Each structure stands twice: as C-alpha cells, then as structure tokens.
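Q:
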Amino acid sequence: GTGRPAAAELASTYEACIRGASSGSSAAFCETDMLSGLPQSLVRHALLISRASSLRVHWANRQRVLLLFALQLRGCLHHARGRREGDVCIAQLLSSMPERLAADAVSHALHTPPSNEVPAPVSDLSRRLVACMQASSDRDAAAFCVASFLSHAPHPTVREATSLARRVRDYGSA
C-alpha cells in the first residue's frame, strides 16, 4: 500500500467529522484532515477545478469540469460499500457543482414520482450520467442529466445527500 487510507475510509471519516462540526473553523479542520490523506497532485487538481467553477468560463470548460465530477462520482460509487457511502458520493457531486445547478437537479428529481420499476444497477446509472454530461450543450442540459440520475434514487437518499452536500458547502468550503 501507499500508507494512505482507502478512499471509502477517508469519505466516512470526513462525513463523521463534518456531521460533528459546529462551526466553519471546525469544519475546515475536517477538510484539512481529509485533504492530508490524498495525493498532493489530486489536491492541486481539485483546487484548479474549484477555481474554474467559480469563474465565468465558457460552456466547453464548464462542461469538462462537470464531466470530471460525473466521472469522479462513477468511481466513488463503484468503490462505495453500502448506502451511506453512496450518499457521501452523491453529496460530493452535489457540493462540487454550481449551487443553482445542483438545486435545480435536486428539485426536479424530488418532483419525479418514485418508479415502480426494478432499479437499474448504480454502475449503469453513473455510466448514463457520464454519457449525458458529454452530450450536454448547456447548463440546463447538465441539470437535466443530474436530475435524471437522481430520479432513480429513493427520495430519502436524495434528501440525505442534499443535506450532506449543504453542510459541506456551508462548513467545508474555504
């Protein structure tokens, strides 16, 4: 091994820490602790992505960033063991995306009646999300991609991931 904790372990430690955070500074500690467990090149890349999303960049650049988030989600879900870790993966996606886009996607997903069909495997859904993001032509199309991905999750899962994402946004972003 590399001496670094596994991604799933990092995610659950971070989640527990954020849940217990009572202020922005205690949440910043959670963030620092999590980042210290990641390779430096990955942290630098994440910083570049977050800066890119805060600037008004051309759609092609924004799309590349959102596609990266979708690919990251696919990898995260692939390694997630159980619903709790899956919720953390979805929360990471939502907290990484521009706030209005995430809010629109969640709102659409929660207004979609729960399906009676047999749920598709998460690997298929995340693959479809990536393909949809690649084809998206603007912000609304990207929001539709995320909404259609979320609409396959039970509403309590979407609400839980949204709540977790909000905590990450409120307390976990420097």
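Oh and the sequence shown: position 154 is 154 in the working numbering, straight run, nothing missing. Ideal Cβ positions, reconstructed from N, Cα and C, are used throughout, including at glycine. Note that the coordinates shown come from a computational prediction; the quantities given were computed from them, not determined experimentally.
#1: Buried or exposed for ARG29, going by 16 or more other Cβ atoms inside 10 Å?
#2: With a Cβ-Cβ cutoff of 8 Å, do ALA105 and ALA161 count as a contact?
#3: Does SER36 have its Cβ less than 8 Å from a Cβ in chain E?
#4: According to DSSP, is PRO156 helix, strand or coil?
#5: Taking Cβ positions, are SER232 and VAL43 nearer each other than 8 Å?
#6: Less than 8 Å between the beta carbons of ALA80 and VAL158, yes or no?
#7: Leaving out five residues on either side along the sequence, give the residues of the same chain with a beta carbon under 8 Å from the beta carbon of LEU73.
#8: Just to confirm the assignment, what range does the alpha helix (DSSP H) spanning ASN116 have?
#9: Could you tell me which uninterrupted beta strand (DSSP E) segments, each at least 3 residues in length, are contained entirely in the region 80–150, listed from first to last along the chain?
#10: Identify, in the order they occur along the chain, each residue of the same chain with its Cβ nearer than 7 Å to the Cβ of ASP33, setting aside the five sequence neighbours on each side.
#11: When the Cα atoms are used, what is the spatial distance from ALA174 to PRO119?
#12: Taking only the alpha-carbon atoms, compute the straight-line gap between VAL122 and GLN63 and give it to the nearest angstrom.
A: On the basis of the data shown:
#1: The amino acid at residue 29 is misidentified as Arg; the sequence shows Phe. By the 10 Å Cβ count, PHE29 comes out exposed.
#2: no
#3: Given the protein chain composition of this structure (a single chain), no chain E is represented.
#4: helix
#5: No statement about residue 232 is possible, as the shown extent of the chain runs from 1 to 174 and does not include it.
#6: no
#7: CYS89, ILE90, GLN92, LEU93, SER126, LEU129
#8: First-last for ASN116: undefined, no H or E at that position.
#9: none
#10: CYS17
#11: Confidence is the limiting factor: at ALA174 the pLDDT is only 31, short of 50, which leaves the residue's position unreliable, though a coordinate-based value still follows. Distance between the alpha carbons of ALA174 and PRO119: 37 Å.
#12: 22 Å
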